[in-house]
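Heads up: the protein sequence lines correspond to chains A and B, in order.
Counting in our numbering, the first sequence runs from 4 upward without gaps.
Counting in our numbering, the second sequence runs from 29 upward without gaps.
All residues carry an ideal CB built from backbone N, CA and C; glycine is no exception.
Structure record follows, encoded as structure tokens.
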Amino acid sequence: MPFEHLLVLSFILFALAAAGFLTHKNTIVLLMFAELMLNAANLALAAFAKLSGSPEPQIFILMIFAVAAAEAGVGLALIILLARNLKTLDIDEIRNLKG
Amino acid sequence: MTGNFYPLLKWIILPPLAGFVLNGGIGKRFLGEKGGGWLGAAAILLAFIFSFLCFSDLLNLPAGHRLLRDTLFNWISAGSFSIDFALRFDPLSAVMALVVTGVSFLIHVYSIGYMRGDKGFNRYFSYLNLFVFFMLILVLADNPILMFVGWEGVGLCSYLLIGFWYEDEKNAAAGKKAFITNRVGDAGFLIGLMLLSYLLARQGVSGLDFETLALNINLLDGGTVLGFGAPTVIGLLLFFGATGKSAQFPLYIWLPDAMAGPTPVSALIHAATMVTAGVYMLARMSFLYALAPRALEVVLVTGVFTALLGAVIAALQSDIKKVLAYSTISQIGYMFMAAGTGAYAAGIFHLTTHAFFKALLFLAAGSVIHGMAGEQEMFRMGGLSKEMRFTFALTAVGWLAISGIPPLAGFYSKDLVLEHVYAHGVPVLWYAGLATAGLTAYYVTRLLALTFLGGKNSETHAHESPLLMTIPMAALAALALTGGWLGSKYLLAFLDPASARAEISPEAFRLTMISVITALAGVASGFFFAIPAISDALARRLSIAREVVYNKFYVDEIYAFAVIRPLKRLADKVCFGFLDAGLIDGLLVNGAARLTYRTGAVLRNLQTGNAQGYALTFTGGLILLLYWIM
């Protein structure tokens with residue numbers, strides 16, 4: 004599989020995830036789209052690793068996995084608290100941080 | 029600079045400084061009342077003894093070469109400008125040092141009795157020692173800059189001691205008034221000094237000690253400042269400083285209020301020593317005034333005017349200390365009269381005798397106030413001669429001395445001053461001086477009559493003061509008795525060998541007779557008008573004039589209206605209202621806050637709280653960034 008294809012796939016994945024992130028209303032779904040965007044980045048990094056043959060991009064990937072896992076944990080905890088306090092997960096309803 | 033090195037001089041000023049440090053530092057805890065008081069007095073006695081030793085060494089030098097100097101250290105050094113912390117002992121400073129330390133010692137002893145039981149006892153003595161220290165610096169300084177240090181130092185001590193009982197706000201306000209009024213004069217003094225050193229430095233003279241100044245002062249002749257002769261301008265500025273310190277018109281207003289301090293302080297600082305510093309300064313700078321006859325004329329007229337004004341106001345006051353305060357203003361006027369005619373020796377002579385008899389009168393007044401448990405109103409005294417025999421006798425000596433009855437001290441010096449004024453050739457000034465002499469005799473007789481004679485006017489049972497207070501008074505009385513005769517015989521020749529007087533001319537004898545008769549007339553009218561029926565009748569007849577004089581010609585009110593109110597307005601409206609509250613607080617401090625607040629109020633609208641809105645903006649930004657990169 005040529006290197007360019009991998010990059011295009013990564014771009015399509017990222018664009019879809021971003022579009023989903025901007026259009027959906029459920030906070031859990033938004034979190035999932037965010038994970039997808041991270042994975043798109045991972046895919047691009049893997050493509051670069053294959054191209055250059057060096058292990059450095061793969062180290063980044065491992066790093067991103069760890070961050071993504073932490074983010075998922077914290078994000079889900081926040082979502083539980085949101086649901087408990089505001090009785091809703093609709094992102095349009097949650098605007099308590101308005102300036 | 030001649031190098032006559034005389035190490036004993038510094039020992040005159042050190043004991044009072046040590047007394048100040050000890051009493052101020054550990055006095056209250058370790059010395060207590062007994063130790064503190066005697067320590068303070070002993071320090072001054074030591075200074076007196078050292079002054080006397082220096083004086084006797086000075087006498088051994090041939091007349092005309094009597095000068096001892098002691099340089100302690102180099103004080104200011106900047107380029108070619110250099111000032112030493114140097115002391116100078118010549119006949120003029122010798123007389124001053126002896127008078128200051130001698131009278132101070134007596135008043136210190138008196139104070140031990142007077143201040144007994146006061147909770148600020150040690151503080152009082154430390155201030156008093158500090159005052160003597162600064163006064164000696166002023167008197168012994170070898171250059172006008174160091175003199176100014178003493179000048180300011182005594183002003184500080186005066187402030188501290190006027191407001192000594194600071195719990196009463198009235199006293200604290202009197203202290204502030206004295207301090208601020210003196211600042212006005214000191215501004216003139218300082219500008220004069222700067223002008224002097226600047227103009228001399230321009231001529232290449234770098235030293236500022238009195239010797240160098242006197243030698244080079246001629247370089248100023250012909251120079252002008254703002255179109256006036258340089259010596260005249262400098263002389264007038266220095267004299268303006270003297271009017272503040274020595275309570276002369278127009279800056280005399282602080283002295284009557286200064287009576288808020290303890291009475292021995294009034295005797296020492298506000299009668300005998302500090303207030304005469306202006307006269308001393310004029311005598312010290314006489315080489316400058318020799319070039320400035322115009323300035324001397326101003327001095328003379330100011331002296332005459334102040335003397336008359338003070339005497340008129342004193343004639344109607346009812347507070348015993350206020351009478352003496354205005355009397356002091358008036359008597360210092362005499363000293364300036366003498367200085368104004370160029371007769372500095374006569375001025376210093378009157379300064380000396382005045383120190384004796386006025387300190388005596390103040391201490392006697394203090395003794396009366398002490399005996400009457402704080403009463404100062406003369407109309408509530410009366411008949412004290414039976415209860416306070418000793419004080420009465422001593423007051424009588426002071427009374428005769430200040431009235432100018434021969435052969436007491438005041439007669440000699442005042443007569444000499446008037447003689448010089450007469451010789452100056454402007455009859456009006458001499459008449460005014462003579463009228464002042466008559467008024468002086470009148471008001472002091474009135475004081476004596478109201479206080480000690482007649483019937484009792486209050487229930488208070490007066491008691492005679494302790495020996496600790498009466499003995500110093502007796503010593504001063506002895507000086508007031510003999511000081512004039514001794515002074516005219518020795519002091520004048522010592523101060524100014526050139527002016528040793530020849531035979532008494534018939535003219536001088538005639539003048540003397542006139543002034544004695546004036547004094548006697550003053551005394552007689554004093555007794556006459558002290559009779560209640562007569563004074564009441566007169567007061568009714570002249571009620572308006574009496575009102576004006578009793579209220580001191582409303583000078584305080586005029587100053588309040590013409591000077592203080594505009595200044596307060598300026599401070600309130602311009603300095604505070606516009607500059608401080610408006611510009612600094614309003615524009616800069618609160619303005620910066622307001623700017624931030626307003627900007628925030630606009631920018632906060634961007635913060636919608638809609639997370640997807642942020643994400644959209646974020647994406648848009650990302651796309652723009654990519655577009656820009658590629």
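Using only CA atoms, which one of the options lies nearest to residue i?
{"i": "T498 of chain B", "options": "B:I135, B:V327, B:K198", "result": "B:I135"}
{"i": "R666 of chain B", "options": "B:Y187, B:A300, B:F33, B:T260", "result": "This structure cannot speak to residue 666 of chain B, because chain B is shown only from 29 to 658."}
{"i": "E60 of chain A", "options": "A:A47, A:A18, A:V70", "result": "Checking the displayed sequence, the identity of residue 60 of chain A turns out to be Pro instead of Glu. Per the Cα distances, A:A47."}
{"i": "H491 of chain B", "options": "B:K414, B:G515, B:L548, B:W513", "result": "B:K414"}
{"i": "V128 of chain B", "options": "B:Y625, B:S571, B:E535, B:V160", "result": "B:V160"}
{"i": "L241 of chain B", "options": "B:T252, B:S314, B:N485, B:G402", "result": "B:S314"}
{"i": "A22 of chain A", "options": "A:I31, A:A49, A:L89, A:L39", "result": "A:L39"}
{"i": "A75 of chain A", "options": "A:L33, A:V11, A:L100, A:K28", "result": "A:L33"}
{"i": "P44 of chain B", "options": "B:L100, B:N157, B:S121", "result": "B:N157"}
{"i": "E180 of chain B", "options": "B:N210, B:L446, B:A201, B:W193", "result": "B:N210"}
{"i": "G203 of chain B", "options": "B:A343, B:A69, B:I281, B:T260", "result": "B:I281"}
{"i": "S121 of chain B", "options": "B:A305, B:P292, B:K147, B:L265", "result": "B:A305"}
{"i": "L389 of chain B", "options": "B:V577, B:G426, B:F418, B:V293", "result": "B:G426"}
{"i": "G432 of chain B", "options": "B:S543, B:A229, B:Y372, B:L328", "result": "B:S543"}
{"i": "P321 of chain B", "options": "B:A367, B:S294, B:M287", "result": "B:A367"}
{"i": "M406 of chain B", "options": "B:G375, B:A295, B:G482, B:G614", "result": "B:G482"}
{"i": "I208 of chain B", "options": "B:I111, B:M365, B:I40, B:L279", "result": "B:L279"}
{"i": "T330 of chain B", "options": "B:H382, B:V351, B:F277", "result": "B:F277"}
{"i": "W103 of chain B", "options": "B:F76, B:A169, B:Q635", "result": "B:A169"}
{"i": "A506 of chain B", "options": "B:V583, B:A536, B:L428", "result": "B:L428"}
{"i": "P35 of chain B", "options": "B:K62, B:D98, B:R57, B:A536", "result": "B:D98"}
{"i": "Q404 of chain B", "options": "B:L166, B:V591, B:M287", "result": "B:M287"}
{"i": "E325 of chain B", "options": "B:H93, B:Y194, B:V454", "result": "B:V454"}
{"i": "I64 of chain A", "options": "A:N99, A:A49, A:T26, A:V11", "result": "A:A49"}
{"i": "H558 of chain B", "options": "B:A125, B:G65, B:S346", "result": "For the record, residue 558 of chain B in the displayed sequence is Ala; it is not His. If we check each option's Cα against that of A558 of chain B, B:S346 comes out closest."}
Since residue i contacts residue j with CB under 8 Å, what's their CB separation in whole angstroms?
{"i": "A469 of chain B", "j": "G554 of chain B", "result": "7 Å"}
{"i": "I173 of chain B", "j": "L224 of chain B", "result": "The Cβ separation is near 10 Å, so there is no contact."}
{"i": "A206 of chain B", "j": "I190 of chain B", "result": "5 Å"}
{"i": "S441 of chain B", "j": "F377 of chain B", "result": "5 Å"}
{"i": "L476 of chain B", "j": "G410 of chain B", "result": "Not quite, the Cβ-Cβ distance comes to about 11 Å (not below 8 Å), so this is no contact."}
{"i": "F149 of chain B", "j": "L73 of chain B", "result": "Their Cβ separation, rounded to whole angstroms, is 19 Å, which puts F149 of chain B and L73 of chain B out of contact at 8 Å."}
{"i": "I348 of chain B", "j": "V396 of chain B", "result": "7 Å"}
{"i": "F256 of chain B", "j": "R312 of chain B", "result": "Actually they do not touch by this definition, with Cβ atoms about 23 Å apart."}
{"i": "L37 of chain B", "j": "C82 of chain B", "result": "6 Å"}
{"i": "A30 of chain A", "j": "I94 of chain A", "result": "The sequence given here places Thr at residue 30 of chain A; Ala does not occur at that position. The pair is a contact, with the Cβ atoms about 6 Å apart (cut-off 8 Å)."}
{"i": "T356 of chain B", "j": "A392 of chain B", "result": "Between A392 of chain B and T356 of chain B the Cβ distance is about 14 Å, and since that is not below 8 Å, they are no contact."}
{"i": "T540 of chain B", "j": "D600 of chain B", "result": "Between D600 of chain B and T540 of chain B the Cβ distance is about 56 Å, and since that is not below 8 Å, they are no contact."}
{"i": "A318 of chain B", "j": "T260 of chain B", "result": "Actually they do not touch by this definition, with Cβ atoms about 12 Å apart."}
{"i": "L100 of chain B", "j": "A91 of chain B", "result": "At roughly 28 Å, the Cβ-Cβ gap does not stay under 8 Å, so L100 of chain B and A91 of chain B are not in contact."}
{"i": "L67 of chain B", "j": "N51 of chain B", "result": "6 Å"}
Strictly below 7 Å CB to CB, what residues from chain A border residue i?
{"i": "G649 of chain B", "result": "Under the 7 Å cutoff, chain A gives no residues; its nearest Cβ is about 13 Å from G649 of chain B."}
{"i": "G637 of chain B", "result": "R98, N99, L100, K101"}
Chain B partners of residue i, CB-CB under 9 Å?
{"i": "N42 of chain A", "result": "The contacting residues do not exist; N42 of chain A stays about 18 Å from chain B at best."}
{"i": "A50 of chain A", "result": "The premise fails here: A50 of chain A is roughly 18 Å from chain B at the closest Cβ pair, so nothing lies under 9 Å."}
{"i": "I94 of chain A", "result": "N638, A639, Q640"}
Can you pull the chain A neighbours of residue i, defined as C-beta to C-beta under 8 Å?
{"i": "N618 of chain B", "result": "Within 8 Å Cβ-Cβ: nothing; N618 of chain B doesn't reach chain A, min ~23 Å."}
Please list, in chain order, the chain B residues whose beta carbon lies closer than 7 Å to that of residue i.
{"i": "F24 of chain A", "result": "A643"}
Taking residue i as the query, report the chain B residues whose CB atoms sit under 8 Å from its CB, ordered along the chain.
{"i": "A21 of chain A", "result": "T647"}
For a test of your reading of the model: does the CB of residue i fall under 7 Å from any non-hydrogen atom of the ligand MG? Yes or no.
{"i": "L412 of chain B", "result": "By its list of ligands, the structure shown contains no ligand whatsoever, and the ligand MG lies outside what it can speak to."}
**Prompt:** What runs of the beta strand (DSSP E), each 3 residues or longer, lie entirely inside the stretch 209-272 of chain B?
**Reply:** none
**Inside the stretch 80-110 of chain B only - beta strand (DSSP E) runs reaching at least 3 residues** = 96-106
**Message:** To test your reading of the DSSP string, which unbroken alpha helix (DSSP H) runs of 4 or more residues are found completely within the stretch 278-354 of chain B?
**Reply:** 282-285, 291-295, 305-312, 314-317, 321-342
**Request:** Entirely within the stretch 582-620 of chain B and at least 4 residues each: give me those alpha helix (DSSP H) ranges in chain order.
**Result:** 583-587, 593-597
**Message:** So within the stretch 498-568 of chain B, which uninterrupted alpha helix (DSSP H) runs reach at least 4 residues, ignoring any that extend past its ends?
**Reply:** 520-523, 534-558
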